[in-house]
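Step one of this worksheet: look at the structure below.
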Amino acid sequence: MHEFRYVGNQLHCEGVSVAALARKHGTPLFVYSEATLKGNYQRLTEALAPLNPQVCYALKANSNLAVLRTFAKLGAGFDLVSGGELRRVIAAGGDPTKCVFAGVGKTEEEIRLALKEGIHSFNVESEPELERIDRIAVKMRRKAPVAVRVNPDVDAHTHAKITTGTYENKFGIAFERVAGLYARAAKLKGIRLRGLQMHIGSQLTSAEPFEQAVRKVAPLAKELAEKHGIEFLSIGGGVGIVYRPALASGEKEWWFTGEGRKALTPARYAAALIPLLQPLGLKVLVEPGRSLVGNAGILVTRVEYLKQTGRKTFIIVDAAMNDLIRPAFYEAYHEIVAVERRARRTVVADVVGPICESGDSFCKDRMLPRVGEGGCLAILSAGAYGSVMSCNYNSRPLAAEVLVNGKRAAVVRERQPVEAIWAGEKPAGWQR
Ligand code: LLP
1 MHEFRYVGNQ
11 LHCEGVSVAA
21 LARKHGTPLF
31 VYSEATLKGN
41 YQRLTEALAP
51 LNPQVCYALK
61 ANSNLAVLRT
71 FAKLGAGFDL
81 VSGGELRRVI
91 AAGGDPTKCV
101 FAGVGKTEEE
111 IRLALKEGIH
121 SFNVESEPEL
131 ERIDRIAVKM
141 RRKAPVAVRV
151 NPDVDAHTHA
161 KITTGTYENK
171 FGIAFERVAG
181 LYARAAKLKG
191 IRLRGLQMHI
201 GSQLTSAEPF
211 EQAVRKVAPL
221 AKELAEKHGI
231 EFLSIGGGVG
241 IVYRPALASG
251 EKEWWFTGEG
261 RKALTPARYA
271 AALIPLLQPL
281 GLKVLVEPGR
291 SLVGNAGILV
301 TRVEYLKQTG
311 RKTFIIVDAA
321 MNDLIRPAFY
331 EAYHEIVAVE
341 RRARRTVVAD
351 VVGPICESGD
361 SFCKDRMLPR
371 VGEGGCLAIL
381 SAGAYGSVMS
391 CNYNSRPLAA
401 EVLVNGKRAA
411 VVRERQPVEA
421 IWAGEKPAGW
431 QR
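Sequential numbering from 1 applies to the sequence shown in my numbering.
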């Protein structure tokens, strides 16, 4: 469910016309729907209500302060992977005591910051990291709250670049080694063992791998609760969204933007996991990223040129792989629709950006609405891993971001001024 739909021939985000936003704020422009963010959060918490879970939103998916504020107000904690993300959460008014800190490369400085801010727990990803956290905590006269990330060696059946729970991946501690590590950790003065964590991958479209992983990990969690008094099990994030909606039979509108019928809904996810988790009697944490923000955002882009090469048609737009890298990096599919549906004429084309790389493409040989120069397209499901993965390649400023609430819209990130791109640079002393 999301709040982007046509009113007449105009794409709207909630009660606001997307074309009007593009005119006012320019393009490329990320537009987020607050109602969709809240709806996604509520559907997940309602589905998992029997477990009374703590949601720790994985802000790597979208860390705009306004997005964080939305979830903080709903009671969310956060799953973070850097000191920068912790500072962002604090800047947005989030509660550090509801934050879990993941990542294989936590620096000493990041560990000190997290301890000082009183985070809920570290998700420890290696033996040397555990020793480092212990050393720092002892020096600070603290007990560091810790969960170990268990790598259950379960294939998530998703894109190789976003699979994390097999022994081919750098993440977590091998299942067989976890019990021994807790036994050693229990003797460390700076460590307080609080939980067990897992995360097997991202954009999972079936509940089966989650179920398989939880079946494997639950008995271990039980054993650790009995031996070491751990209080929680975090099942990570990873619930996928519908990037390519299937058309219902008889539907001819290829720009249809509904839910695919086979989507991994919160209800299906909950139905698979509640029976496995409830008997444990442990507090449950979840770390959703994409499923909360993915379909709550679009990237609006203006058509600069239509280029016919004899062989192909290219729609050249003002957004590029630096704004949304997913198609270039993962061959990810994002639905592309017209912001203003004028005539229902179509064209088979590639939508490409202005960057000097052949990979700078949003789709290939796709049937698209025919939008002329100056018209706008919307790239859907760009709310997760969109703006956060953007960069300044080709000295392109970071796009602006707008949050919509009903009929209101607010700029929640200004378009980056071009000078800001090189603000930290200077010629070497001898070049003056
Ligand atoms: N927890 C941990 C420990 C994670 O590593 C991740 C994502 C999450 C939670 C949230 O996963 P989600 O619910 O969003 O699937 N850039 C890629 C996705 C990378 C995911 C990294 N880890 C993409 O654009 O598809």
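Just so you know, even glycine gets a beta-carbon here, dropped at the ideal spot from N, CA and C. Since this is a predicted model, take the numbers as computed values, not measurements.
Out of curiosity, what's the CA-to-CA distance linking residue i and residue j?
i    : j    : result
L264 : G240 : 7 Å
A349 : A156 : 33 Å
G172 : R215 : 17 Å
N322 : G84  : 21 Å
I90  : A58  : 15 Å
A423 : G289 : 31 Å
L51  : S234 : 12 Å
P266 : H2   : 14 Å
W254 : C376 : Because the pLDDT of W254 is 38, which lies under 50, any placement of that residue in the model is unreliable, and the number read from its coordinates should be weighed accordingly. Between W254 and C376, the C-alpha separation is close to 17 Å.
A410 : V404 : 7 Å
P479 : P245 : With the chain covering only 1 through 432, there is no way to say anything about residue 479.
S17  : Y6   : 9 Å
R192 : A144 : 6 Å
D134 : L86  : 20 Å
A92  : T164 : 29 Å
A22  : L204 : 33 Å
N123 : G77  : 14 Å
F71  : I162 : 24 Å
K60  : R432 : 40 Å
Flag residue i as yes when its Cβ comes closer than 8 Å to any non-hydrogen atom of the ligand LLP, and as no otherwise.
i    : result
E331 : no
Q431 : no
I373 : What sits at residue 373 in the sequence shown is Glu, not Ile. Checking the Cβ of E373 against the ligand LLP gives no.
H12  : no
R88  : no
S82  : no
V239 : yes
Q203 : yes
So, using beta-carbon positions, are residue i and residue j closer together than 9 Å?
i    : j    : result
V300 : A378 : yes
G383 : V293 : yes
E335 : S291 : no
L115 : V148 : no
A320 : R396 : yes
R345 : R370 : yes
A218 : L277 : yes
K307 : I298 : no
A328 : G374 : no
V146 : S126 : no
R132 : E108 : yes
M198 : V150 : yes
Measuring alpha carbon to alpha carbon, tell me which of the options ends up nearest residue i.
i    : options                  : result
F4   : V347, G93, L37 and N151  : L37
L65  : A420, E401 and H334      : E401
C302 : L48, V337 and N295       : It should be noted that the sequence gives Arg, not Cys, for residue 302. For the residues L48, V337 and N295, the minimum Cα distance to R302 belongs to V337.
T158 : L74, V339, A183 and E331 : E331
E340 : L368, K161 and G77       : L368
K98  : E117, V104 and K106      : E117
L398 : P28, Q278 and L306       : P28
From the DSSP secondary-structure annotation, give me the bridge partner or partners of residue i.
i    : result
S291 : S291 pairs with nothing; no bridge assigned.
S358 : Note: S358 sits in no beta bridge, so no partner.
With a cut-off of 9 Å, does the C-beta of residue i fall near any C-beta of chain C?
i    : result
G297 : Protein chains in the displayed structure number just one, and chain C is not present.
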